[in-house]
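**Student:** Taken in sequence, the protein lines are chains P and D.
Position in the first sequence (from 1) plus 85 gives the number in my numbering.
Position in the second sequence (from 1) plus 135 gives the number in my numbering.
For every residue, glycine included, the Cβ atom is placed at its ideal position computed from N, Cα and C.
This one's a predicted model, so the numbers in the text were calculated from it and none came from an experiment.
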Amino acid sequence: MADELYLENIDEFVTDHNRVVTYKWLSYTLGVHVNQAKQMLYDYVERKRKENSGAQLHVTYLVAGNLLQNGHFCHKVAVVREDKLEAMKSKLSTIASVHVYSIQKALLKDSSPLYNTDYDIVKTNLQHCSKFSAIRCAAAVPRTPPDTPRVPEPAQSPQRQRDPNATVNGHGFQAAKPPPQQHKGIMGMFAAKAAARAQDTPKEAKAEAKEASGVSAANSKPPTKNTIMNNFFGKAAMNKLKANSVPEQPKEEKEVVNPSVAVAEPESSPNTVAEKPGKKTESDRIQQKDKKSKTKRADRSDDEERDPENVKKKRKRIKQLLSDSSDEEADVPPSPTPEEERVPSPPPEPALKTELEPASTEVSAGGKKRKRKRVLKSRMFIDEEEGCMVTEKVYESESCTDSEDEFPKPKAPTPQKQPMLPTKRQPKEERKNPKKGAAPASRANKQVSIMGFCQKK
Amino acid sequence: MVFWGWGRSFSGGCCALGGSQSLNSPVYFPDPSLEPHAMFSEQAAATAQGLLAPPSAEPPTFPRVAVSGYSDCSQPFQLGERSFARQYSHIYAVRLAGMRPGLERRARSRWGNDVVLRRLSELHEGEKCCVVGTLFKSMQLQPSILQEISEEHNLVPQPPLPKYIQPSDELMLEDELQRIKLEGAIDVQRLVTGTIVAVYGCEQDDGGFLVEDHCFADLPPPLPWSGPSSDRYVLLASGLGLGSVSGEALLSTQLLVDVVTGQLGAEGEQSCAAHITRVILAGNLLSQNTQSRDTINKAKYLTKKTQAASVEAVKMLDEILLQLCTSVPVDVMPGEFDPTNYTLPQQPLHRCMLPLASAYATLRLVTNPYQASLDGVRFLGTSGQNISDIFKYSSMDDYLEILEWTLLAGHISPTAPDTLGCYPFYKSDPFILTECPHVYFCGNAPHFQSKLLQGKEGQRVLLVTVPDFSATQTACLVNLRDLSCQPITFSSFGADSEDGDMELEH
Chain P
86 MADELYLENI DEFVTDHNRV VTYKWLSYTL GVHVNQAKQM LYDYVERKRK
136 ENSGAQLHVT YLVAGNLLQN GHFCHKVAVV REDKLEAMKS KLSTIASVHV
186 YSIQKALLKD SSPLYNTDYD IVKTNLQHCS KFSAIRCAAA VPRTPPDTPR
236 VPEPAQSPQR QRDPNATVNG HGFQAAKPPP QQHKGIMGMF AAKAAARAQD
286 TPKEAKAEAK EASGVSAANS KPPTKNTIMN NFFGKAAMNK LKANSVPEQP
336 KEEKEVVNPS VAVAEPESSP NTVAEKPGKK TESDRIQQKD KKSKTKRADR
386 SDDEERDPEN VKKKRKRIKQ LLSDSSDEEA DVPPSPTPEE ERVPSPPPEP
436 ALKTELEPAS TEVSAGGKKR KRKRVLKSRM FIDEEEGCMV TEKVYESESC
486 TDSEDEFPKP KAPTPQKQPM LPTKRQPKEE RKNPKKGAAP ASRANKQVSI
536 MGFCQKK
Chain D
136 MVFWGWGRSF SGGCCALGGS QSLNSPVYFP DPSLEPHAMF SEQAAATAQG
186 LLAPPSAEPP TFPRVAVSGY SDCSQPFQLG ERSFARQYSH IYAVRLAGMR
236 PGLERRARSR WGNDVVLRRL SELHEGEKCC VVGTLFKSMQ LQPSILQEIS
286 EEHNLVPQPP LPKYIQPSDE LMLEDELQRI KLEGAIDVQR LVTGTIVAVY
336 GCEQDDGGFL VEDHCFADLP PPLPWSGPSS DRYVLLASGL GLGSVSGEAL
386 LSTQLLVDVV TGQLGAEGEQ SCAAHITRVI LAGNLLSQNT QSRDTINKAK
436 YLTKKTQAAS VEAVKMLDEI LLQLCTSVPV DVMPGEFDPT NYTLPQQPLH
486 RCMLPLASAY ATLRLVTNPY QASLDGVRFL GTSGQNISDI FKYSSMDDYL
536 EILEWTLLAG HISPTAPDTL GCYPFYKSDP FILTECPHVY FCGNAPHFQS
586 KLLQGKEGQR VLLVTVPDFS ATQTACLVNL RDLSCQPITF SSFGADSEDG
636 DMELEH
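1. Do Gly397(D) and Ser462(D) come within 8 Å of each other at the CB atom, strictly closer than that value?
2. Which residues in the same chain as Phe628(D) place their Cβ atom closer than 7 Å to its Cβ, once the five residues preceding and following it in sequence are excluded?
3. Can you list, in chain order, the residues of its chain whose CB lies under 7 Å from that of Phe212(D), leaving out five sequence neighbours each side?
4. Arg595(D) and Leu618(D): beta carbons closer than 8 Å?
5. Is it the case that the Cβ atoms of Leu142(P) and Val99(P) are separated by a distance below 8 Å?
6. Below 7 Å on C-beta distance, what does Val394(D) contact in chain P?
7. What did DSSP end up calling Asn476(D) once you bin it into helix, strand or coil?
8. Can you have a look at Tyr436(D) and say buried or exposed, based on whether 16 or more other CB atoms are within 10 angstroms of its CB?
9. Give the range of the beta strand (DSSP E) segment to which Gln584(D) is assigned.
10. Of all the residues that make up the segment 390-416 of chain D, which are near chain P by a beta-carbon distance shorter than 7 Å?
11. Buried or exposed, going by whether 16 or more other CB atoms sit within 10 Å of the CB of Phe534(D)?
12. Examine chain D for any beta-carbon lying closer than 8 Å to the beta-carbon of Ile95(P), and answer yes or no.
13. Nearest-angstrom Cα distance between Pro356(D) and Gly590(D)?
14. Would you report the Cα separation of Glu404(D) and Pro297(D), rounded to the nearest angstrom?
15. Which residues does DSSP list as the beta-bridge partners of Met307(D)?
16. Which whole-angstrom value describes the C-beta separation of Pro474(D) and Ser508(D), a residue pair presumed to lie in contact below a C-beta threshold of 8 Å?
17. Going by beta-carbon coordinates alone, are Gly215(D) and Leu270(D) separated by less than 8 Å?
18. Give every residue of the same chain whose Cβ lies closer than 6 Å to the Cβ of Ala551(D), excluding the five residues on either side of it in the sequence, and list them in chain order.
19. Taking 8 Å as the cut-off, does the segment 409-419 of chain D touch the segment 193-208 of chain D (at least 3 CB pairs, one atom from each stretch)?
20. Using alpha carbons as the reference points, say which of Asp96(P), Thr229(P), His157(P) lies closest to Leu126(P).
21. Report the rounded CA-to-CA distance for His225(D) versus Gly545(D), giving the unit in angstroms.
22. Look at Leu615(D) and Ile623(D) and say whether their C-beta atoms are less than 8 Å apart.
23. Locate the alpha helix (DSSP H) running through Val207(P), then write down its first and last residues.
24. When you compare the CB of His143(P) with every CB in chain D, is at least one pair closer than 8 Å?
25. Taking Cβ-Cβ distances shorter than 8 Å, what residues in chain D pair up with Val183(P)?
26. Assign Val117(P) to one of three DSSP states: helix, strand, or coil.
27. Can you tell which of Asn120(P), Lys161(P), Glu131(P), Leu152(P) has the C-alpha that lies nearest to the C-alpha of Pro194(D)?
28. To which residues of the same chain is Thr274(D) closer than 8 Å at the C-beta, ignoring the five residues directly before and after it?
29. Chain P partners of Arg199(D), CB-CB under 9 Å?
30. Grab me the residues of Glu338(D)'s own chain with a C-beta within less than 6 Å of its C-beta, minus the 5 sequence neighbours each way, in chain order.
31. How would you label Thr229(P), buried or exposed, when you count the other beta carbons within 10 angstroms and need 16 or more for buried?
32. On the criterion of 16 or more Cβ atoms from any shown chain inside 10 Å, does Tyr477(D) qualify as buried, or is it exposed?
33. What do you reckon, are the CB atoms on Ser518(D) and Ser422(D) nearer than 8 Å?
34. Look at the alpha carbon of Val476(P) and the alpha carbon of Lys458(P), and state the distance between them as a whole number of angstroms.
35. Is there a Cβ from chain D that is less than 8 Å from the Cβ of Phe98(P)?
36. So, is Val467(D) buried or exposed, given that buried needs 16 or more other C-beta atoms within 10 angstroms?
See below:
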């Protein structure tokens with residue numbers, strides 16, 4: 086019977102799950118008005134006590150009223166244990182309200198479990214925290230959101246199936262795609278140097294899909310080394326990230342030191358937003374997230390899941406983003422080029438791209454063919470360890486997934502970079518499910534890059 | 136039954152009508168003795184136990200009482216472009232120039248219309264006259280950075296003291312050109328630097344000025360009253376102290392939010408809470424613990440991965456404000472430990488720090504000091520730095536007394552910029568009180584106190600010292616209809632005994 090259903094629910098929460106059931110928690114969980122939740126708790130306590138079923142219940146009450154203190158009346162609101170209820174009531178000159186605050190199996194020593202329960206449930210329901218309250222405020226309407234770059238949003242909305250996940254909130258959707266979003270967020274943070282890269286990174290992050298863990302590991306490495314990255318990520322993100330390959334670390338370190346992270350973020354955020362066309366709050370959240378600590382980002386991304394079919398979509402989107410509104414699968418030659426010509430690209434990106442590629446190739450099951458063009462580009466970056474600027478000539482492969490193959494500029498000693506490149510490339514390529522083109526191409530490139538090394542100094 | 140009508144003062148047991156008062160004052164306001172004082176949620180007692188019952192039909196939802204009139208009057212405290220290229224002497228000059236006319240008027244009314252008003256440069260020895268000037272108190276214990284870094288003294292930096300006054304302190308009067316030492320009927324210990332005062336006496340042959348009497352600017356002219364006719368409450372709270380190490384106050388903070396948003400309490404109380412039209416948070420939203428500056432003291436490699444404590448605290452603040460903003464308009468004033476500028480007037484917190492809450496139009500980030508007109512009632516208040524600074528340099532011990540004294544002295548913070556950081560104003564001093572507010576409050580006081588002050592010209596001011604919530608778990612409810620104030624305390628149970636503190640207070 087519907088009426089009794091709540092009794093069973095409360096019974097389950099209290100006895101089976103051994104929870105501290107506060108009225109607020111019950112109100113959010115069952116979706117009822119707070120006053121109804123209080124009454125439900127009271128009803129449950131009464132019935133349980135009548136049954137004398139032997140299960141011990143501890144109840145806390147809320148008492149409010151006027152108290153004569155220091156010669157004047159003050160309004161007192163107190164949460165008391167059941168055994169102190171009468172004592173408190175007798176102290177008050179007039180009682181304004183009494184109701185059940187919480188029920189739990191164990192006797193509480195102090196009120197921190199009550200606070201924690203309420204804190205958790207409110208945190209997960211922040212967007213509608215006054216929904217079940219007894220007071221409605223007509224004036225509490227959200228402001229019109231600030232101008233957010235939502236250009237990619239409408240064009241790509243139909244294709245995004247990750248929409249539910251992309252919502253920035255993290256609270257709303259616990260749909261599981263943490264790794265890709267995480268990457269997206271982290272990559273977004275990295276990306277600063279080139280706007281394209283910023284866009285690329287999230288795309289690549291998305292493209293990763295399942296393999297996220299590998300990439301995230303890559304991402305995680307730099308934070309451990311870099312203070313700035315620490316500041317970005319915060320502890321939560323760092324915990325989630327796992328260290329991975331060494332080469333990826335150095336790259337990532339480098340890219341952190343860029344002021345344009347903020348630039349990257351808004352750019353990645355539109356990407357995120359793009360996934361969810363209609364959801365304003367989400368974009369607001371995204372904006373907010375950009376401003377908030379990166380921990381939230383990581384959290385949010387952790388909460389989200391990728392489904393396989395998104396990989397393909399991601400690819401599409403990446404391309405679209407690159408070309409800024411073209412749906413074709415063909416290469417986007419012009420866009421990556423100028424993008425790549427922009428300032429030193431963050432080192433992790435190449436690493437990530439490397440990782441991404443195998444993932445995407447695997448997942449896409451050879452669906453799309455990537456046409457890749459190798460372009461010799463000069464790449465400059467600051468090597469933190471050595472404290473110098475390094476210029477490399479590297480062949481970058483431009484493809485729909487947007488370049489990659491600048492194989493890790495590892496934090497290994499600079500001079501060794503070029504010579505190491507060939508060796509590094511090979512292990513990397515072996516790691517990637519080799520794209521046939523990739524391996525020979527890279528090998529072919531090695532020689533060229535060595536030549537580049539000789540020339541540059 | 137103790138009668139405790141609205142006129143009662145709770146500080147030091149003095150009489151209900153404090154300060155300068157006159158029984159012949161014209162009554163601008165409804166006579167309070169004719170109307171019963173309505174306590175918050177007094178009428179809730181009827182349905183107090185209503186929720187100790189099985190679930191009933193659809194429970195009522197109460198609409199929040201709408202704000203009928205709000206206007207922010209803190210424009211003088213909002214600094215646009217700031218330039219620190221000027222000296223602080225300008226602020227004293229404009230302060231004196233701004234307050235001189237009022238003080239001369241007061242002097243005439245007090246000592247007769249024919250009292251001789253002189254500048255210090257025009258003094259004649261032995262002539263009884265009145266001089267208007269700025270007080271300067273030279274204190275030996277006053278922390279001086281120049282002395283601390285001076286090598287010839289080899290001084291150890293002085294630890295902060297609760298009070299810096301000493302019997303050997305001296306009082307000087309300065310005007311635009313000269314200064315003179317004051318002696319006589321003037322309480323050196325009580326007064327602080329920066330106060331504009333009119334002294335009546337004569338110059339001595341030793342060069343000092345013998346004071347026979349002195350007066351301050353007194354209460355500023357009254358504002359017309361257009362308050363609401365029904366009960367409307369404003370909740371004043373300060374010192375939430377988020378980010379502190381101890382979590383005791385956290386549940387109390389949550390209870391406060393729940394009462395205001397109408398989640399806590401029986402129906403009667405919730406309907407009363409719906410009459411709370413505004414919440415003003417008067418500073419120190421963050422705890423002092425968040426101010427640790429490890430980055431300065433510790434080596435960089437130790438602090439590399441640490442995050443400032445204020446980051447977590449601001450996130451918590453954002454969530455709390457979000458809960459409040461979805462239900463009630465909130466004005467947030469920054470305080471001593473909040474992430475904004477140090478000098479007075481403190482600028483509003485930036486909304487980028489509060490992304491969740493600032494999405495709502497009900498959140499207003501305001502300056503410290505803050506002045507606004509709510510439903511026809513003028514509020515003016517600070518987060519307490521001005522009062523606590525005067526506390527340090529004066530013999531006055533009671534926050535309510537100091538609050539009243541600043542009102543009578545006609546200046547919110549006389550010790551700025553001497554001992555309290557202040558922006559170098561040069562055009563006008565925005566801390567001069569030009570109109571008498573209806574509610575004058577200061578935040579972060581040690582305890583709750585309130586007093587209704589009546590003025591000679593019909594001013595009626597409710598003085599409230601808002602206690603530090605993290606220490607006292609007490610906030611204040613001001614009833615706009617009759618300018619009464621009631622504290623609201625929250626408590627929970629802890630490992631230690633919680634019911635013993637009640638009796639100790641008497």
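**Tutor:** Put simply:
1. yes
2. none
3. Pro480, Thr502, Pro504, Pro565
4. yes
5. yes
6. Val162
7. coil
8. exposed
9. 584-589
10. Leu390, Val394, Thr396, Gly397, Gln398, Leu399, Gly400, Ala401, Glu402, Gly403, Glu404, Gln405, Ala408, Ala409
11. Here residue 534(D) turns out to be Tyr, not Phe, going by the sequence shown. So Tyr534(D) counts as buried.
12. no
13. 9 Å
14. 41 Å
15. Phe271(D), Lys316(D)
16. Between Ser508(D) and Pro474(D) the Cβ distance is about 28 Å, and since that is not below 8 Å, they are no contact.
17. no
18. Leu479, Cys557
19. yes
20. Asp96(P)
21. 19 Å
22. no
23. 197-209
24. no
25. Ala183, Gln184, Leu186, Leu187, Ala401
26. coil
27. Asn120(P)
28. First, the amino acid is wrong: residue 274(D) is Met here, not Thr. Within the same chain, Met274(D) has close Cβ partners Tyr299, Ile300, Gln301, Asp304, Tyr528.
29. Ile220, Arg221, Cys222, Ala223, Ala224, Ala225
30. Leu258, Glu260, Phe344
31. exposed
32. exposed
33. no
34. Per the sequence shown, the amino acid found at residue 476(P) is Thr instead of Val. Distance between the alpha carbons of Thr476(P) and Lys458(P) is about 21 Å.
35. no
36. buried
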